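**Q** Structure below; questions to follow.
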Amino acid sequence: MSDLGAAIRARRAAQHWSQSEAAARAGMGLRTWRRMEATGQATIENLVNAAVALRCEEGLADLFPAPAARNMDDLLEQQRKARKAVESKQRVRAVRRK
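Structure (structure tokens):
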């Protein structure tokens, strides 16, 4: 098992979810989920869906740091976009909990 697969499995176990429940929450098939846990290999889409389902999508943003702002207007625009992204993720999370 890869480090990523082990991390996904540990996060799922911490939620007390079966693989079937986690796969359903992430919107993917059970075989795909099992393969992701076993090998750590996944499409970007499945990885993002798994991260959102497991409530750890914040860590994905660290993989793609924002470019440095060239001026104050750019900095303010980056902050505005970051706030909107967080709000959007919170709405998705709230919908999935229903």
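Here the sequence shown is numbered in the numbering used here, starting from 619 and rising by one per residue. Beta carbons: idealized from backbone N, C-alpha and C, even for Gly. Here the structure is a predicted model, which is why all the values come from computation and not from measurement.
On a Cα-Cα basis, can you pick out the residue from A669, A687 and L648 that is closest to Q633?
**A** A669
**Q** Take A712 as the anchor and find which of R673, A679 and G647 has the nearest alpha-carbon.
**A** R673
**Q** Any idea if E695 is buried or exposed, counting beta-carbon neighbours within 10 angstroms, 16 or more meaning buried?
**A** exposed
**Q** With E663 and G623 assumed to form a contact (beta carbons below 8 Å), what rounded beta-carbon distance in angstroms separates them?
**A** That pair is no contact at about 17 Å.
**Q** Where Q659 and L665 are concerned, what is the direct C-alpha to C-alpha distance, given to the nearest angstrom?
**A** 9 Å
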